[in-house]
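Right, one structure below, let's go through it.
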Amino acid sequence: MSDVSRPSPAEARAEARTAVVIPAAGRGVRLGPGAPKALRALNGTPMLIHAVRAMAASRAVSLVVVVAPPDGAGEVKSLLDAHALPERTDFLVVPGGESRQESVRLGLEALPTDFGIVLVHDAARPLVPVDTVDAVIEAVREGAPAVVPALPLADTVKEVEPAAAPGEPEPVVATPVRARLRAVQTPQGFDRATLIRAHETVTGDVTDDASMVEQLGLTVVVVPGHEEAFKVTRPLDLVLAEAVLARRRLNDGF
Ligand SMILES: Nc1ccn([C@@H]2O[C@H](COP(=O)(O)OP(=O)(O)OP(=O)(O)O)[C@@H](O)[C@H]2O)c(=O)n1
Ligand SMILES: C[C@](O)(CO)[C@H](O)COP(=O)(O)O
0 MSDVSRPSPA EARAEARTAV VIPAAGRGVR LGPGAPKALR ALNGTPMLIH
50 AVRAMAASRA VSLVVVVAPP DGAGEVKSLL DAHALPERTD FLVVPGGESR
100 QESVRLGLEA LPTDFGIVLV HDAARPLVPV DTVDAVIEAV REGAPAVVPA
150 LPLADTVKEV EPAAAPGEPE PVVATPVRAR LRAVQTPQGF DRATLIRAHE
200 TVTGDVTDDA SMVEQLGLTV VVVPGHEEAF KVTRPLDLVL AEAVLARRRL
250 NDGF
């Protein structure tokens with residue numbers, strides 16, 4: 000006899016609480032010397048705070064787990080204490096690891112059990128609009144085990160044979176059909192059990208969490224990304240981020 004009071008898996012997912020893990024433990028080598036990238040300022044406010052606010056802007060998000068530089072957890076906690084978040088949003092801070100993958104895993108280990116949906120969002124993508132965050136959450140609620148926001152590419156992409164030695168040429172081996180390619184952003188959204196299984200099972204170097212779910216043989220779904228969700232990686236990206244914030248201030252009238 001079926002238990003009518005127990006929600007089906009689909010109903011449970013639709014009502015699941017959502018947490019975000021923010022890996023913020025990277026050095027930012029490509030950005031150049033200075034403080035850890037997540038703590039560098041954009042319009043006077045640390046990049047990490049912009050990223051946390053971008054997640055907390057979604058009414059669905061009730062917990063943010065920040066994965067801090069290994070020796071910077073205290074500083075990050077003080078920063079979060081000093082910058083108001085909506086009352087509905089709690090936060091936790093844990094120290095990070097050697098790689099992005101390890102940092103995400105450490106964040107997942109700190110998650111309380113009552114969150115059925117988990118987003119993973121780079122601190123280095125501080126300006127993602129809330130509509131993108133909500134679209135990712137909605138797709139997970141509708142049943143996708145893994146969801147990525149993504150944009151079509153402007154450049155043609157070549158696959159090359161890596162140089163045999165520094166300074167040697169890199170011959171092109173293929174040109175994938177551009178119309179089938181997408182540049183993937185964060186937040187990436189997951190059914191919690193799926194993401195944890197992926198992190199427990201998949202080893203080796205990966206550059207995003209969704210690819211770990213792909214390696215489990217599951218389908219990852221794409222939703223539209225946003226040009227303002229770009230990753231601050233190199234010095235020119237800081238210029239672009241400041242310009243986006245200036246445009247937002249102008250549009251907001253202050
Ligand atoms: N050991 C690491 C490495 C990266 N990250 C985080 O993963 C996100 C994406 O990584 P990336 O943009 O590559 O940041 P960095 O690793 O800091 O950059 P770089 O490779 O230039 O050093 C960032 O928010 C970064 O803080 C992390 O939490 N732990
Ligand atoms: C997760 C990611 O942002 C998706 O595009 C990206 O792969 C992170 O790469 P990074 O080299 O760690 O910045």
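Position 168 (the sequence shown) corresponds to 167 in numbering that gives the first Met the number 0; numbering is contiguous.
Cβ coordinates follow ideal geometry from the N, Cα and C atoms, glycine included.
This structure is a prediction, so every number in the text was calculated from the model and none was measured.
Are there three or more Cβ pairs, one per stretch, closer than 8 Å when the segment 153–165 is compared with the segment 74–83?
no
C-alpha gap between R247 and R16, whole angstroms = 30 Å
Any chance the segment 144–152 sits against the segment 187–196, with 3 or more Cβ pairs inside 8 Å? yes
Do the segment 221–238 and the segment 118–129 touch if we need at least three Cβ pairs shorter than 8 Å?
-> yes
If you follow the alpha helix (DSSP H) that D51 is part of, which residue opens it and which one closes it?
The amino acid occupying residue 51 in the given sequence is Val; Asp does not appear at that position. Taken as a continuous stretch (DSSP letters only), the alpha helix (DSSP H) holding V51 covers M46 to A55.
Reduced DSSP secondary structure (H/G/I, E/B, other) of M0 = With a pLDDT of 47 at M0, under the threshold of 50, the modelled position of this residue cannot be trusted, and the question is left open.
Checklist line | C-alpha gap between F90 and V64, whole angstroms | finding: Looking at the two C-alpha atoms, the distance is approximately 6 Å.
Open item on the list: Is it buried or exposed, S102, if we count other Cβ atoms within 10 angstroms and call 16 or more buried?
Closed with: Buried: at least 16 other Cβ atoms inside 10 Å.
Worksheet entry | Inter-residue Cα distance where the pair is V156 and E169 | 14 Å
Got a sec: does ligand 2 put a non-hydrogen atom nearer than 6 Å to the Cβ of T183? Looking at the sequence shown, residue 183 is not Thr but Val. Under cutoff, so the answer is yes.
**Prompt:** Which of helix, strand or coil does DSSP assign to A192?
**Reply:** helix
| said: Going by DSSP in three states, V183 sits in which element: helix, strand or coil? | reply: strand
Item to complete: May I ask you to report which of helix, strand or coil DSSP gives L91?
Response: strand
_CB contact flag (G106, V20, <7 Å)_ = yes
Worksheet item: Got a sec, what are the start and stop residues for the alpha helix (DSSP H) S61 sits in?
Response: From DSSP, S61 is part of no alpha helix (DSSP H) but of the beta strand (DSSP E) over V60 to A67.
- Task: Could you tell me if the beta carbon of K157 falls within a distance shorter than 6 Å of some heavy atom in ligand 2?
- Result: Judged by the Cβ position, K157 fails to qualify as a neighbour of ligand 2 at the 6 Å threshold, every heavy atom of the ligand being at least this far.
Discussion item. Tell me whether the segment 32–40 and the segment 216–227 touch, counting them as touching only if at least three CB pairs, one residue from each stretch, are closer than 8 Å.
Written reply: no
Q | Three CB pairs or more closer than 8 Å across the segment 35–49 and the segment 210–223 | A | no
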